[in-house]
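Data first, discussion second: the structure below is written as structure tokens.
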Ligand SMILES: [Zn+2]
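Okay, here's the thing in structure tokens:
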């Protein structure tokens, strides 16, 4: 019988001004000794200082580490800081970079980690997957989920609006990711988990339902995005991989990263990828486009800040990004002619 082990976050707190809850959670986790706190050096500084102060009041020794990027080298530096400070816990206060390096370093050092996101731009805030850059380009690895997640909606709501739009795109991407997973299961006999797939899909459906609230920037809309991203993190924990949350639309986004095209955020690229992959999958790509348009997310190459040629190049190389991940793009990918047609029909290029 196949053994399937699931590792899930233990405490999840979402709401306004919940940062002080960190001490209660750490008491319940019986954290002792030293703690390493990883953060960025921009707008995440203030919440990081608040957390540092609260934890220090518990009598724990907090060391700070400023992560300027999410590279393998920074992960190694965090590991060194963990060893030197003899930390028993790693915390991350920040957006993508701090959470990714803290997640990966803590996993390597076999220590628990607490995720305190300051924006809701991608589903890594609660997932077991860490994305870092190496000399060979960006890559994602299975690390560990946070043992606790504290999402302060006041702080997240105060982040630039673009972050929330990116988070929305990353959730909408689950429509095509789940279809690709089903395809790989039917064509390749790949493991498919109904629970994980349903959870990822439900996140996309709930955000679609609440899209007007998200578009108006209401608290309930921000909540919907955060909870959607957390549910996606759980879906990956349950599946034991990023499969329910990352399909051909993510391969397209990663292909854009690889050719260094534009400065769009991860979820913005995934959103545009979802429109096009949904067309290839024979699904309702117009609805996907409508949802993204409502929230003000990019739906064209121009809005992503890339040229038409770069978009087509990314489409043509997407299947090579992660060959073992079978998607609607198949083994051979899409031809340049078909890519131009696809982009024109879906209005991604004019
Ligand atoms: Zn993603």
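Residue numbers (the working numbering): 6 to 355.
Where a beta carbon is used, it is the ideal one built from N, C-alpha and C, also for glycine.
Beta-carbon gap between residue i and residue j smaller than 8 Å
i	j	result
residue 87	residue 42	no
residue 250	residue 258	no
residue 236	residue 208	yes
residue 216	residue 291	no
residue 331	residue 206	no
residue 65	residue 83	no
residue 12	residue 114	no
residue 227	residue 297	no
residue 253	residue 181	yes
residue 159	residue 328	no
Contact set for residue i: own chain, Cβ-Cβ below 7 Å, skip 5 residues either direction
i	result
residue 190	197
residue 57	42, 67, 69
residue 318	264
residue 266	311, 315, 319
residue 55	24
Distance between beta carbons of residue j and residue i, contact taken as under 8 Å
i	j	result
residue 364	residue 153	Since the displayed the chain opens at 6 and closes at 355, residue 364 lies outside it and no answer follows.
residue 157	residue 24	5 Å
residue 161	residue 122	7 Å
residue 80	residue 137	6 Å
Contacting residues, own chain, Cβ-Cβ under 8 Å from residue i (five flanking each side not counted)
i	result
residue 61	67
residue 59	24, 25, 27, 28
residue 339	285, 320, 321, 323, 324, 347
residue 337	324
N-terminal and C-terminal residue of the alpha helix (DSSP H) that residue i is part of
i	result
residue 206	199 to 214
residue 14	First-last for residue 14: undefined, no H or E at that position.
residue 23	Element bounds for residue 23: n/a, residue is neither H nor E.
Residue i, enclosing beta strand (DSSP E) - first and last residue
i	result
residue 112	It is not in any beta strand (DSSP E) - residue 112 instead sits in the alpha helix (DSSP H) that spans 101 to 113.
residue 69	66 to 71
residue 41	39 to 44
residue 154	153 to 157
Sequence-distant residues of its chain with Cβ nearer than 6 Å to residue i (five each side left out)
i	result
residue 19	156, 231
residue 175	127, 128, 272, 275
residue 247	134, 241
Chain-ordered list of residues that sit, by beta carbon, closer than 7 Å to a heavy atom of ligand 1
127, 128, 175, 178, 250, 251, 255, 271, 272, 275
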